[in-house]
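What follows is a set of notes on a single structure, which appears directly below.
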Amino acid sequence: MANIKIQKAFDELHNGGGILYPFRNGYEKLAVLLETVPSDAWRYDEPVLGGLVLYLLKQGQAIRAKSYLRARDLQFEKTYRFEFLELMVALHLGERVSEKKLTTWRRLERKLPLQDTLLLGLYYNVLMAMFVRVGNLEEARNAGQQSISCFREEGHSYLEHFIHIHLADIDVVEGRLRRALRGLTAAERCLSQSGLSYGNEIEVIEVIKLAVAYERGEFVKVRKSSTRLRESLLKGDSWSELFFQLTRICVLSTYFLDGLRAAQHELELFQADYVRRHAGRATTIDVLSAMIWRLEWNPNEAAQHLEILDGVDMHSAIGGFLLAEQRVLLHHEKPMVNDSPRGKIVSDLQTAQSQRGQTRRNALERSLWNAFKEGQIAPFLENRDALLGMASQITSISGLRRHPIMLRLVNKILKSVNQSYVIPETLRKIGFNRRQYRVVAALQAGATNKQIARQLGTTESTVKYHLTSIYKMIHVTKRYDLIEFMYKNRIFIHY
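Just so you know, we're using numbering that gives the first Met the number 0 here: the sequence shown kicks off at 0 and counts up by one.
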C-alpha cells in the first residue's frame, strides 16, 4: 500500500510538470509530494531534486538548495533542467556573474524546448535579473518582455507579476518613477488575477513602491517600514538586487533623518541579513558605507572604503552606479555621462559641485528642471554639497520663479537638504546649529580652514567665525582641544 502511494507521488510529480510542478500546481501540493517520496529520492530522480530545490528557494533557503545541486553522488544523467536549476539558485544567492557564466547561460536557451513556454518564461526571467546584475539594463528589459510574452501565452499571471516588479525596479534605478508605478499597478493586477499567494508577494511590491517614495523624498515612510520589510525578504521571496534596493533606501533614509550612527547600525543589520539570506559579503553595501562617510565630509575614510573595492566587480546595477558616483566626487573625476532621467540630474549636480559662478548656477537649474519631470528629491540630498551656499541664488532664478509649481518643488528640495544635516544630540543640546556642525564635521578628516571653506562652498573668514563661536560654546581655545572634545563625546569615531 505504501509503495503504491509512493509511486503515485512520483507519477504525479513527473506528469504534472517535472521540475516545473510548483509553477503548474502550487507549492502546497509540491510539499505533500516531497513528504511522500523517499527522503533520498532527490539523489536518483531529477524532477524530485528540482522540486526540492525550488521549494527551498521559495522558503528563503538558497544556500541549502545549492548544497543539493552540489552533492557528489547524484545517480541520474543531468539534463538542461539541471542547468536551469543552477541558474535559479544563482539568482537567489546573488552569486558573481562572469562573462563565462553569461555565455553558458545564453547557450542554455538553445537547449530549452520551444514548446515549453513556461520554462522559457522562467529562463528569460532569471536572465533578466542577471543582466541587471552586470548593469546591462537594456538587455534586461528585452529579456523581461520575452518573459512576459511567454507567461501570457501560458496564462500564468502569477509569474508575470514578478516580471513587472523587476521592470519597475529598473525604472526606479533610472529615475523613471511614473513608469515604475504603472509597472507596479500591472504587477498588482496580475497577482490579483492569479488568486495565488505563497508568502511575501505584497511586501516585495511594497519594496519598489517605497523606492519610488524614497526618490521623492518620503524618508519617514521608508524608515518606518525598514525592519518589517528586511525581515520579510530574509524569510520569504528575495533576490540580491531587490535586497540592495531596500538596503539603499532604508540606510540613506535613516542617515538623512537620524544621522551617522543610526545609519551605520542599519548598515550592519542589512549586511548581516544579506549574508544570511544570499551568502557572501555584499560589495554594494560597502559602497553605501563609503557614501555615508563622504556625506559626513570625511573623504579619507570614504576613500579607504573604496580602495578595498578596487578591482572588485559589483555584480549589481545599484552598486555600480553608486560606486561610479562616489569615485567622481572623491577623486574629482569628470561628471558621469548618463542619459537616464536620474543620471542627468546626478551629472548636473556633479558639475555644479566642481564649478563656480554662472556654470554652477546653470547646472543646478538644469538638474532642477529634470527633477521636476518625475518629482525627484533624493539625488539632491545624495549630492547635497552641490547646493551649499546656493539657496538664495537658486530661488532667485527667473525661470524658476515664473513657475509656481516648480518653485514649490525647489523649496521642498532645499528644505529637505537643510534638514538632512542631522546634528548629534550632544551638540544639539549645547546649541550647535547646522552650519556650525558642518564645519566641525569637516575637521574629522584633518581639513584646514581653506579646505573646509572649499568643501562647504563658503569663505575662509566664515569658517574662522564659526570656529570662534564653537570654541566659546564648549569652552576651549585650540583646534586640538575641540577635536579631543568631539572624540571624547563620541561625535568623531575611532577606526
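All residues carry an ideal CB built from backbone N, CA and C; glycine is no exception.
Environment of Arg132 [buried if 16+ CB atoms lie within 10 Å]: Here residue 132 corresponds to residue number 133 of the sequence shown, with the count starting at 1. By the neighbour-count rule (16 or more Cβ atoms within 10 Å), Arg132 is buried.
For Glu459, the nearest candidate out of Gln60, Thr467, Lys449 and Leu113 (CA to CA): Indexing the sequence shown from 1 puts residue 459 at position 460. When each option's Cα is compared against that of Glu459, the closest is Lys449.
Short Cβ contact (8 Å threshold) for Lys220 with Leu228: As a working note, residue 220 is residue 221 in the sequence shown. As a working note, residue 228 is residue 229 in the sequence shown. No, the Cβ-Cβ distance between Lys220 and Leu228 is not below 8 Å.
Coarse secondary structure for Tyr420, derived from DSSP in three states: As a first step, residue 420 must be located in the sequence shown, where it is residue number 421. Correct three-state label for Tyr420: coil.
Inter-residue Cα distance where the pair is Glu217 and Gly374: Here residue 217 refers to the residue found at position 218 of the sequence shown. Here residue 374 refers to the residue found at position 375 of the sequence shown. Between Glu217 and Gly374, the C-alpha separation is close to 11 Å.
Burial state of Gly154, where buried means 16 or more other Cβ atoms lie within 10 Å: Within the sequence shown, numbered from 1, the residue matching residue 154 stands at position 155. It counts as exposed.
Integer-rounded CB distance, given that Tyr123 should sit under 8 Å from Ser156: Walking along the sequence shown from the start, residue 156 turns up at place 157. Walking along the sequence shown from the start, residue 123 turns up at place 124. Their Cβ separation, rounded to whole angstroms, is 16 Å, which puts Ser156 and Tyr123 out of contact at 8 Å.
Buried or exposed by the 16-neighbour rule on C-beta atoms within 10 Å, applied to Gly16: Against the sequence shown, residue 16 aligns to sequence position 17. Result: buried.
Validate contact between the segment 289-302 and the segment 253-270 using beta carbons, cut 8 Å, 3 pairs: yes
Whole-angstrom distance between Leu386 and His165, CA atom to CA atom: Within the sequence shown, residue 165 is the residue found at index 166, counting from 1. Within the sequence shown, residue 386 is the residue found at index 387, counting from 1. Spanning the two alpha carbons is a distance of roughly 33 Å.
8 Å contact criterion, which Val439 and Met485 should meet: CB distance rounded: Position 440 of the sequence shown, counting from 1, holds the residue named residue 439. Position 486 of the sequence shown, counting from 1, holds the residue named residue 485. Right, their Cβ atoms sit about 7 Å apart.
Cutoff 6 Å; reference Pro21; Cβ partners in own chain excluding five residues on either side: As a position in the sequence shown, residue 21 is number 22, starting the count at 1. Only Leu29 and Leu53 meet the Cβ criterion.
Proximity below 8 Å, CB of Leu51 to CB of Trp41: In the sequence shown, the residue the question calls residue 51 occupies position 52. In the sequence shown, the residue the question calls residue 41 occupies position 42. It is a contact, given that the beta carbons lie within the stated cut-off.
Reduced DSSP secondary structure (H/G/I, E/B, other) of Gln450: As a working mapping, residue 450 is identified with position 451 in the sequence shown. Looking at Gln450 - three-state DSSP - the assignment turns out to be helix.
Own chain residues within Cβ distance below 8 Å of Leu565, not counting five before or after: Lying before the first or after the last residue shown, residue 565 is absent from the chain, which here runs from 0 to 494.
Inter-residue spacing [alpha-carbon to alpha-carbon] between Asn361 and Ser468: Counting from one through the sequence shown, the residue named residue 361 turns up at place 362. Counting from one through the sequence shown, the residue named residue 468 turns up at place 469. The straight-line gap from Cα to Cα measures roughly 34 Å.
Cutoff 7 Å; reference Leu68; Cβ partners in own chain excluding five residues on either side: Locating residue 68 in the sequence shown gives position 69, counting from the first residue. Excluding sequence neighbours, Leu68 sits near Val52, Leu84, Glu85 and Val88.
Cβ contact (3+ pairs, closer than 8 Å) linking the segment 265-284 and the segment 307-315: yes
6 Å Cβ shell around Cys189 - same chain, five flanking residues per side excluded: The residue given as residue 189 occupies position 190 in the sequence shown. So the list reads Ser156, Glu159 and His160, once near-sequence residues are dropped.
Reduced DSSP category for Pro46 - H, G, I as helix; E, B as strand; rest coil: Here residue 46 refers to the residue found at position 47 of the sequence shown. Helix, per DSSP.
Top-ranked residue by Cα proximity to Tyr273, from Ile492, Leu232 and Lys411: Here residue 273 corresponds to residue number 274 of the sequence shown, with the count starting at 1. Among Ile492, Leu232 and Lys411, the Cα nearest to that of Tyr273 is on Leu232.
For Phe104, three-class secondary structure by DSSP: Here residue 104 refers to the residue found at position 105 when the sequence shown is read from its first residue. Sequence check: residue 104 is Trp here, not Phe. Trp104 falls in the helix class under three-state DSSP.
Residue burial classification, Arg275 (beta-carbon count within 10 angstroms, cutoff 16): Residue mapping note: residue 275 aligns to position 276 of the sequence shown, counting from 1. It counts as exposed.
Exposure of Arg383, with buried meaning 16 or more beta-carbon neighbours within 10 Å: Here the question's residue 383 lines up with position 384 in the sequence shown. Answer is buried; the Cβ neighbour count reaches 16.
Exposure label - Gly388; buried when at least 16 CB within 10 Å: Position 389 of the sequence shown, counting from 1, holds the residue named residue 388. It is exposed - the Cβ of Gly388 has fewer than 16 other Cβ atoms within 10 Å.
Beta-carbon proximity of Glu82 to Leu107, cut-off 8 Å: Here residue 82 refers to the residue found at position 83 when the sequence shown is read from its first residue. Here residue 107 refers to the residue found at position 108 when the sequence shown is read from its first residue. In this structure, Leu107 lies closer than 8 Å to Glu82 by Cβ.
Val172 versus Leu408 - alpha carbon distance: The residue labelled residue 172 in the question sits at position 173 within the sequence shown. The residue labelled residue 408 in the question sits at position 409 within the sequence shown. C-alpha separation (whole angstroms): 21 Å.
Short Cβ contact (8 Å threshold) for Ile207 with Ala167: In the sequence shown, residue 207 corresponds to position 208, counting from 1. In the sequence shown, residue 167 corresponds to position 168, counting from 1. Going by C-beta atoms, Ile207 is nearer than 8 Å to Ala167.
Three-state class that DSSP yields for Asn361 in the structure shown: Position 362 of the sequence shown, counting from 1, holds the residue named residue 361. Correct three-state label for Asn361: helix.
Complete runs of the alpha helix (DSSP H) confined to the segment 336-411 [at least 4 residues]: 340-353, 356-373, 377-381, 390-394 and 397-400
Among Ser237, Leu259 and Ile393, the one whose alpha carbon lies nearest that of Ala278: Counted from its first residue, the sequence shown places residue 278 at position 279. The residue with the shortest Cα to Cα distance from Ala278 is Ser237.
Simplified DSSP assignment, three categories, for Gly143: Within the sequence shown, the letter at position 144 stands for residue 143. Note: Gly143 maps to helix in three-state DSSP.
Neighbourhood of Leu19 by C-beta distance below 7 Å, restricted to the same chain and skipping five residues each side: Position 20 of the sequence shown, counted from the first residue, corresponds to residue 19. Counting only Cβ-Cβ distances below 7 Å, and skipping sequence neighbours, we find Leu117 and Leu118.
Continuous alpha helix (DSSP H) stretch holding Ser231: start and end: On the sequence shown, position 232 is the one that residue 231 refers to. Phe218 to Lys234 is the extent of the alpha helix (DSSP H) around Ser231.
Glu214 - DSSP class collapsed to helix/strand/coil: On the sequence shown, position 215 is the one that residue 214 refers to. Three-state DSSP puts Glu214 in a helix.
Contact set for Ser353: own chain, Cβ-Cβ below 8 Å, skip 5 residues either direction: Position 354 of the sequence shown, counting from 1, holds the residue named residue 353. Here the set comprises His331 and Pro334.
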